[in-house]
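J.:
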Amino acid sequence: MNIDELSIENLRNISKGSWKFHNSGLISIIGKNGTGKTTLLEAIYLVINQSSFRPGNNSTLIKKGEEKASIQSFIKYQGRDLTINIDVGQKLLTTFNGNQVQPRTITQKYNTNLRATLFTPDDVNLIPGPPEKRRSYLDHLASEMSLKYKDELERYEKAVVQRNRLLKQNQIKQDKDFESSLSIWDERVALSGERIVFERIDLLEKLSPQITQAYKELTKKEDSIKIKYQKTWHNSLITSLETAKQEDLKKATTSVGPHRDDIEIFLNQRDSRTQASRGEQRSLALTFILAGHLLMTEEFGEAPVMLLDDITSELDTSRIFGLLENLPKDQVFITSALKLPGLEVSQEIIMETPFT
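Add 1163 to a position in the sequence shown, counting from 1, and you land on the number used in my numbering.
#1: Roughly how many whole angstroms lie between the Cα atoms of Gln1432 and Asp1386?
#2: For Val1251, does the three-state DSSP call read helix, strand or coil?
#3: Quick check: what's the CA-CA separation for Asn1248 versus Ile1225?
#4: Can you grab the Cα-Cα spacing for the pair Leu1381 / Ile1512, in whole Å?
#5: Run through the segment 1365-1441 for me and flag every whole beta strand (DSSP E) of 3 or more residues, listed as ranges in chain order.
#6: Return yes when the Cβ of Ser1509 is within less than 8 Å of the Cβ of Gly1188, no when it is not.
#7: Note down, in chain order, each residue of its chain lying with its Cβ closer than 6 Å to the Cβ of Asn1276, except the 5 sequence neighbours on either side.
#8: Looking at Leu1458 and Val1495, is the spacing between their C-beta atoms short of 8 Å?
#9: Suppose the cutoff is 7 Å on Cβ atoms and the five residues either side in sequence are ignored; what does the same chain contact list for Pro1266 look like?
#10: How many Å lie between Val1360 and Ser1418 at the Cα?
#11: In chain order, what residues of the same chain lie with their CB nearer than 7 Å to the CB of Ile1166, ignoring the 5 residues before and after it?
#12: Which runs of the alpha helix (DSSP H) spanning at least 4 residues fall entirely within the segment 1231-1308, listed in chain order?
#13: With a threshold of 8 Å on Cβ separation, who are the neighbours of Asp1434 within its own chain once the five nearest residues in sequence on each side are excluded?
#14: Count the C-beta pairs between the segment 1320-1328 and the segment 1282-1300 that are closer than 8 Å, then say yes if the count reaches three, no if not.
#15: Output the boundary residues of the alpha helix (DSSP H) element that contains Gly1180.
#16: So which of Thr1202, Ile1211, Arg1436 has the shortest CA-CA distance to Pro1293?
#17: What would DSSP say about Thr1498, mapped onto helix, strand or coil?
#18: Name the DSSP beta bridge partners of Ser1191, please?
#19: Count the other CB atoms, across all protein chains shown, that sit within 10 Å of the CB of Thr1198; report buried if there are 16 or more and exposed otherwise.
#20: Pro1421: buried (16+ other C-beta within 10 angstroms of its C-beta) or exposed?
#21: Do the CB positions of Tyr1392 and Asp1424 come within less than 8 Å of each other?
#22: Using beta-carbon positions only, say whether Gln1444 and Pro1284 come within less than 8 Å of one another.
#23: Going by beta carbon distance, what residues of the same chain come within less than 7 Å of Glu1307, once the five residues before and after it are set aside?
#24: Is the CB-CB distance between Ile1234 and Leu1169 below 8 Å?
#25: Does the beta-carbon distance from Leu1304 to Leu1354 come in below 8 Å?
#26: What would DSSP say about Asn1173, mapped onto helix, strand or coil?
#27: Whose C-beta lies closer than 8 Å to the C-beta of Glu1230 among residues of the same chain, with five residues either side of it excluded?
#28: Quick check on Lys1469: does DSSP put it in helix, strand or coil?
#29: What are the boundary residues of the alpha helix (DSSP H) that Glu1315 is part of?
#30: Mind checking whether Met1514 and Ile1171 have CB atoms under 8 Å apart?
#31: In angstroms with no decimal places, state the Cα-to-Cα distance between Lys1414 and Ile1401.
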């Protein structure tokens, strides 16, 4: 897929702007802080995912002093010409080929599954960071690979919220129906939770050879990498929820389940989360992003759009060039404050002044 054209109005610090993009190769977006580099990538991400990768609600997307923001895009997808427009007000509204749609409708009704791979400066903390960063990586990639997984994850998260709410209510006021109600939510948490873990482990098995090869290409080293899924329970999840019930009652939270799990990543038999050097951790983080991108390309026969935001602030030149050398020759957007010497680009976009 390719993003052919993009127009923005009143999105964060961009009052108005339009761009036409080359359909392949590296598209370099250069400019100082505050010129709208990240906002341009965010607009592309919004068009593809109907959500932002930056924190905040809809109001934070709208330029100060304005009531709404809008994005218009022309996309080439599997030989089809698509128009996707986003209007941001109190709600985020999506128009697909002239029809207002729900985000999921684009995939289900129109058989159009748009994908993007994103790397931001914060992603260098994927390895040394808290477990939720690694879970988020897995969940995002699994959701990109399968709408079924995304639905299951939503069911699981809702069930955990309801179980926690019930535990908290019981602390305040005990209810005679508490045990039966808890049993219902235990079953729902366990059913979805077991499915999620099965899919996560299956995804890691598919990723493992991609990760090993990508790390070798990035670092030019023959290091050993082993990945292990780390569950927070033994035996069945339903049994573990029952075992943890008294502790969960005290803390009014669900202490076991995939929302507490982690990934162990061993580099030459060392736990990379705590024993790898900072450089090794950064290379591994980049490897995971690249491996996910390559896996999606292999699975679907088409590379996602790659969005690399300000990676020069966290990665040295050798790692950046190593990444770019191993990407499919499709659209890759990269933002930076300065030009990277020796970088072969198909298009250069200069964001010279803020769009305020």
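Virtual Cβ for every residue (Gly too), placed ideally from N, Cα, C.
T.: Looking at the coordinates:
#1: Those two C-alpha atoms are separated by around 10 Å.
#2: For Val1251, the secondary structure class from DSSP, reduced to helix, strand or coil, is strand.
#3: Here the alpha carbon of Asn1248 sits roughly 15 Å from the alpha carbon of Ile1225.
#4: Near 27 Å, if we compare the C-alpha coordinates of Ile1512 and Leu1381.
#5: When DSSP assignments are scanned along the segment 1365-1441, the uninterrupted stretches of beta strand (DSSP E) that are 3 or more residues long and fall wholly within it turn out to be 1388-1393, 1425-1430.
#6: Yes; because the gap between Cβ atoms is below 8 Å, this pair is in contact.
#7: Correct list, in chain order: Thr1270.
#8: Cβ distance not < 8 Å, so Val1495 and Leu1458 don't count as in contact.
#9: Here the set comprises Gln1213, Thr1257.
#10: Straight through space, the alpha carbons of Ser1418 and Val1360 are spaced by roughly 16 Å.
#11: The answer, listed in chain order, is Phe1184, Ile1207, Ser1236, Ile1238, Val1468, Gln1494.
#12: Runs found: 1266-1271, 1294-1308.
#13: Closer than 8 Å at Cβ, skipping near neighbours: Glu1427, Ile1428.
#14: Contact between the segment 1320-1328 and the segment 1282-1300 is absent, because fewer than three Cβ pairs lie under 8 Å.
#15: For Gly1180, no alpha helix (DSSP H) encloses it; the enclosing beta strand (DSSP E) starts and ends at 1177-1183.
#16: Taking each of Thr1202, Ile1211, Arg1436 in turn and checking the Cα distance to Pro1293, the smallest one comes out for Arg1436.
#17: Under the three-state reduction of DSSP output, Thr1498 falls in the strand class.
#18: The partner list for Ser1191 (beta bridge, DSSP) reads Ile1497, Glu1511.
#19: Around the beta carbon of Thr1198, a 10 Å sphere encloses 16 or more other beta carbons of the protein chains shown; the residue is thus reported as buried.
#20: Burial state of Pro1421 is buried, judged by a 10 Å Cβ sphere holding 16 or more other Cβ atoms.
#21: Result yes, Cβ atoms of Tyr1392 and Asp1424 sit closer than 8 Å.
#22: Contact flag unset, no.
#23: Residues of the same chain with a CB within less than 7 Å of the CB of Glu1307, apart from the 5 flanking positions on each side, are Arg1278, Met1459 in chain order.
#24: For the 8 Å CB-CB criterion, Ile1234 and Leu1169 form a contact.
#25: Inclusion of Leu1304 and Leu1354 in the CB contact set at 8 Å is not warranted, their separation being larger than that value.
#26: Asn1173 falls in the strand class under three-state DSSP.
#27: Setting aside the 5 residues that flank it on each side, Glu1230 is surrounded in the same chain by Gly1252, each with a C-beta closer than 8 Å to its C-beta; the list follows chain order.
#28: Here residue 1469 is Met; the residue named in the question, Lys, does not match the sequence. Strand at Met1469.
#29: Counted as a single uninterrupted DSSP element, the alpha helix (DSSP H) harbouring Glu1315 occupies residues 1310-1335.
#30: No, these two residues do not count as a Cβ contact at 8 Å.
#31: Distance between the alpha carbons of Lys1414 and Ile1401: 19 Å.
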